[in-house]
Amino acid sequence: MKIRKITLYILCVILGFVSCSKDDDDGIIIIDERDRTEQQVIDRDSLIGYLETHYFNSSVFIANPNPSINDLIISKLAVGETVPPVDHTLLIDAIEIKNTVHLEVDYEYYILRLNQGGGNVIPHFSDDVRVVYSGNLLDEEVFDSAVTPTDFDLIGLVTGWGRVLPQFNIAEDFIDNGDGTISFTNAGVGVMFLPSGLGYFSEPPISSGIPLYSPLIFKFELYQSEINDHDGDGVPSYLEDLDGDLTLANDDTDEDGIQDFIDVDDDGDGTLTIEEDLEDIDTNTDSSGDGILDNDLDGDGDPTNDDTDGDGIPNYLDTDNTESNKDDDNS
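The numbers in this note's numbering rise by one with no breaks, and the one at position 109 of the sequence shown is 462.
In structure tokens form, the structure reads like this:
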């Protein structure tokens with residue numbers, strides 16, 4: 354599964370090994386990482402160049418109720434050609450241009466939307482998803498793929514996935530084929546074209562064959578998703594992104610070095626976050642299947658609306674409120 358991020362730990366082990374293996378006293382040769390803003394300019398030119406010179410069989414996806422990435426054929430214009438054959442469309446004329454900020458850098462990326470998906474749920478950037486996919490470089494070399502439905506936690510993948518998949522719906526339905534396999538219908542189907550800064554940048558997986566600073570292309574079918582609560586504290590992980598920057602690594606309310614999404618006591622007041630939910634409904638229940646959790650008695654879909662002192666800060670982030678649903682008067 355090469356779309357998973359390489360961990361810092363593995364990288365450190367490798368660097369340590371290289372250091373210990375040297376026979377001289379020169380130390381480790383350190384190669385400066387490229388500037389992300391400058392690399393984005395380079396990647397944008399490469400991606401636009403690809404999109405302007407490649408086309409796809411667009412007619413196949415017109416009025417197609419159940420398209421698949423297997424239906425997609427992307428071809429390069431022949432030398433001297435400026436327009437694609439009939440029933441085909443240049444990628445540059447079909448893609449959607451998207452913008453995001455990651456690590457304080459403005460990024461531009463592109464989506465080819467082949468099918469929105471007929472399900473009534475759209476995943477969040479921190480959810481689990483079930484997909485099939487294929488990943489390739491701009492030279493069409495495939496470095497990873499899954500032809501059977503595979504589950505991923507979006508925060509464990511390259512950043513671009515968490516930006517793109519929340520712009521698609523899950524599949525409308527599925528059919529049990531009776532042989533241990535399941536077929537999905539009307540799934541979210543598309544292609545993402547990512548600059549290296551939303552991919553692996555300077556840290557591609559070992560033995561992946563992906564060069565440093567490589568733009569990436571992923572074709573995908575989105576089948577299902579499930580809301581994540583990584584620390585089981587009753588607050589879905591996507592709601593632990595307090596600054597709304599689509600990353601969970603920099604949200605740490607009590608500044609104890611443990612990010613909120615894996616911190617069972619977000620505000621460090623000694624009362625577990627899950628015990629600061631004073632409403633008697635499981636925050637991770639979605640009885641209607643509409644993608645909105647049931648956790649509130651007033652029906653507004655907000656599982657973080659317990660604010661005992663009315664100061665605008667929910668109890669689980671407010672050190673002034675230590676009331677627990679385990680207290681005698683709340684049981």
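The beta-carbon is built from N, C-alpha and C at its ideal position, and this holds for glycine as well.
Since this is a predicted model, take the numbers as computed values, not measurements.
Item: Using a threshold of 8 Å, state whether the C-beta atoms of F414 and Y486 are closer than that.; Value: no
Item: Do G488 and F496 have their C-beta atoms closer together than 8 Å?; Value: yes
Item: Which residue from Y460, F554 and N452 puts its Cα closest to that of R387?; Value: F554
Item: Here's a check: name, in chain order, each residue in its chain whose Cβ is nearer than 7 Å to the Cβ of S498, leaving out the five neighbours to either side.; Value: Y486, S487 and G488
Item: Considering only C-alpha positions, which residue in the set P476, V439, L404 and P420 is nearest to I450?; Value: L404
Item: Smallest Cα separation from L465: which of L491, L430, V517 and N417?; Value: V517
Item: Measure the alpha-carbon distance for D687 versus D620 and round it to whole angstroms.; Value: Residue 687 lies beyond the range of the chain shown here (354 to 684); nothing can be said about it.
Item: How big is the Cα-Cα spacing for L425 and A540?; Value: 15 Å
Item: In three-state terms, what does DSSP make of S428?; Value: strand
Item: Taking the continuous beta strand (DSSP E) assigned at D506, which residues delimit it?; Value: V495 to D506
Item: Would you call the segment 513-529 in contact with the segment 542-549, where contact means no fewer than 3 C-beta pairs closer than 8 Å?; Value: yes
Item: If you drop the 5 nearest sequence neighbours on each side, which residues of the same chain put their C-beta closer than 6 Å to that of N410?; Value: I426 and H441
Item: Please determine, among L569, V484, V439 and G543, the residue with the shortest C-alpha to C-alpha distance to I448.; Value: G543
Item: Could you pull the start and end residues of the beta strand (DSSP E) that T538 belongs to?; Value: I535 to T538
Item: So if DSSP puts Y460 in a beta bridge, which residue, or which two residues, is it bridged to?; Value: T453
Item: Around the C-beta of V511, are 16 or more other C-beta atoms found within 10 angstroms, so that it is buried, or is it exposed?; Value: buried
Item: Helix, strand or coil: which one does DSSP assign to Q393?; Value: helix
Item: Tell me the DSSP secondary structure of C365 in three-state form.; Value: Bear in mind that a pLDDT of 44 at C365, under 50, signals an unreliable position, so the number given afterwards is only what the model happens to contain. The answer is helix: DSSP assigns C365 an H, G or I state.
Item: How big is the Cα-Cα spacing for L443 and I666?; Value: 50 Å
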